[in-house]
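Residue numbers (the working numbering): 537 to 761.
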Amino acid sequence: MSRARELLRSVRNLSILRDLAKSQGGLDSVGDLVDNFIDSEAMEVCLQRFKALPGGAEMVEQRYPPFQPDIPALEKLPKGTLGHAYAGMIHRLNYDADFFRPRDTSTEALWLTQRIASTHDLHHVVAGFNTEPAGESGVLAITATQIGFPAYVLLNILANFRAFRFQPKEQEVISQAIAYGSRIGLEASPLVLQRWEEGWDKPLSQWRTDLGVKPVEHGLFGAIY
Numbered sequence: 537m538s539r540a541r542e543l544l545r546s547v548r549n550l551s552i553l554r555d556l557a558k559s560q561g562g563l564d565s566v567g568d569l570v571d572n573f574i575d576s577e578a579m580e581v582c583l584q585r586f587k588a589l590p591g592g593a594e595m596v597e598q599r600y601p602p603f604q605p606d607i608p609a610l611e612k613l614p615k616g617t618l619g620h621a622y623a624g625m626i627h628r629l630n631y632d633a634d635f636f637r638p639r640d641t642s643t644e645a646l647w648l649t650q651r652i653a654s655t656h657d658l659h660h661v662v663a664g665f666n667t668e669p670a671g672e673s674g675v676l677a678i679t680a681t682q683i684g685f686p687a688y689v690l691l692n693i694l695a696n697f698r699a700f701r702f703q704p705k706e707q708e709v710i711s712q713a714i715a716y717g718s719r720i721g722l723e724a725s726p727l728v729l730q731r732w733e734e735g736w737d738k739p740l741s742q743w744r745t746d747l748g749v750k751p752v753e754h755g756l757f758g759a760i761y
């Protein structure tokens with residue numbers, strides 16, 4: 537039964553990936569892909585990797601509260617702080633900080649998925665990746681490397697293949713961004729493990745130093761926050 541279920545999941549993933557290719561990464565399709573992995577073997581492995589990190593099991597057991605930033609309050613923090621930089625990004629790009637679909641967090645996999653998805657934009661700020669396609673791939677590569685979050689692994693496979701097949705001139709920068717994100721993933725402390733809410737007023741530069749993150753901030757996939 538398990539093998540049959542995983543086969544059906546693979547078929548469903550192919551359908552979702554096709555929709556993603558057509559929509560250029562539409563949020564609805566990304567959400568569908570994330571949801572399709574919730575009870576998968578790959579997600580279970582990812583969850584065990586997270587729980588094996590120092591403090592990871594405790595966060596899961598406590599169901600650390602959902603990430604719900606108060607953007608107006610963060611905008612009032614001093615320039616250079618993590619909170620001010622994050623709020624500035626959300627404001628400039630007209631992002632909805634609560635874009636990810638409401639989710640039950642009663643299971644460990646649901647909680648971890650919600651945590652990863654809701655803090656995704658914050659990883660852009662900390663790592664210095666822009667929000668263009670290559671920058672997105674770079675950010676995904678961090679969590680894909682650090683805990684093997686299945687949807688992010690698959691999304692980057694799709695990004696590389698799509699560029700290679702349909703936009704060969706873009707494949708180089710996509711590959712470079714993924715490589716840079718993977719390097720951050722290997723060298724830095726796990727971003728998904730951080731309790732960002734407890735350090736909004738901490739300088740962004742200090743966060744990066746403490747985590748061992750060497751931000752991009754230049755080139756075709758970097759940004760200044």
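Yeah, the Cβ is synthetic: ideal placement off N, Cα and C, and Gly gets one too.
For residue i, list the residues DSSP reports as bridge partners.
i, result
"residue 617", "739"
Residue i by DSSP, collapsed to three states: which one?
i, result
"residue 665", "strand"
"residue 758", "strand"
"residue 745", "helix"
"residue 753", "coil"
"residue 670", "helix"
"residue 655", "coil"
"residue 568", "helix"
"residue 641", "coil"
"residue 609", "helix"
"residue 718", "helix"
"residue 563", "In this prediction, residue 563 scores a pLDDT of 43, lower than 50, which makes its location untrustworthy; the coordinate-derived value is nonetheless stated afterwards. Residue 563: helix per DSSP, three-state reduction."
"residue 628", "helix"
"residue 678", "helix"
"residue 730", "coil"
"residue 724", "coil"
"residue 574", "coil"
Just reading off the alpha helix (DSSP H) that residue i is part of, what are its end residues?
i, result
"residue 688", "686 to 702"
"residue 596", "592 to 598"
"residue 604", "Counting along the chain, residue 604 falls outside any alpha helix (DSSP H), and DSSP gives it neither H nor E."
"residue 584", "577 to 588"
Report yes if the C-beta distance between residue i and residue j is below 8 Å; otherwise report no.
i, j, result
"residue 616", "residue 727", "no"
"residue 619", "residue 729", "no"
"residue 710", "residue 670", "yes"
"residue 748", "residue 724", "yes"
"residue 699", "residue 707", "yes"
"residue 625", "residue 566", "no"
"residue 490", "residue 586", "The structure shown has nothing for residue 490, since the chain only spans 537 to 761."
"residue 673", "residue 687", "no"
"residue 732", "residue 658", "yes"
"residue 570", "residue 655", "no"
"residue 621", "residue 761", "yes"
"residue 613", "residue 737", "yes"
Legend entry - Cβ contact (3+ pairs, closer than 8 Å) linking the region 713 to 725 and the region 653 to 673: yes
Legend entry - Contact between the region 577 to 590 and the region 643 to 656 (3+ Cβ pairs under 8 Å): yes
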